Amino acid sequence: MKMADDEIRAIVAERLAEQHRLQQANIDAIVLRTVASVLASFGIDDGDRRELRADFQHLRRWRTSVEQAQSYTLKAVITMIATGLMGVVGLSVKVLLGK
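Those letters in the sequence shown? Residues 22 to 120, per my numbering, in order.
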């Protein structure tokens, strides 16, 4: 009994899809073990995910607040320099007009 080309292609496609699923499952397992190993090397247990997430959220809030403070500091410095220059220009004009 001879199989049709379409049946052969369907069987090959199904087999390739199954191999892909198995390879993806193996890759996922390897990545999960690697991440768990790296976290364990930092002293973080696999069960401490909530605490780790809270720590990262705290670090993100701290980083954004530091960036915001830097932005305000830069604006304050620019404002002080501009005010000083305007004062110098104002005094220069006053001195020149007073002569």
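Beta carbons: idealized from backbone N, C-alpha and C, even for Gly. As the structure is a computational prediction, the values presented were derived from the model and not from experiment.
To the nearest angstrom, report how far apart residue i and residue j are at their CA atoms.
i     : j      : result
Gly68 : Val52  : 17 Å
Gly64 : Ala46  : 27 Å
Glu88 : Leu118 : 45 Å
Ala90 : Ile102 : 18 Å
Ala57 : Ala97  : 46 Å
Ala25 : Arg74  : 55 Å
His79 : Ser86  : 11 Å
Leu60 : Leu95  : 38 Å
Glu39 : Arg70  : 32 Å
For the alpha helix (DSSP H) holding residue i, just list the boundary residues, first then last.
i      : result
Gly105 : Arg70 to Gly119
What would DSSP say about residue i, mapped onto helix, strand or coil?
i      : result
Ile65  : coil
Ala146 : Nothing about residue 146 can be read from this structure; the chain reaches only from 22 to 120.
Ala25  : coil
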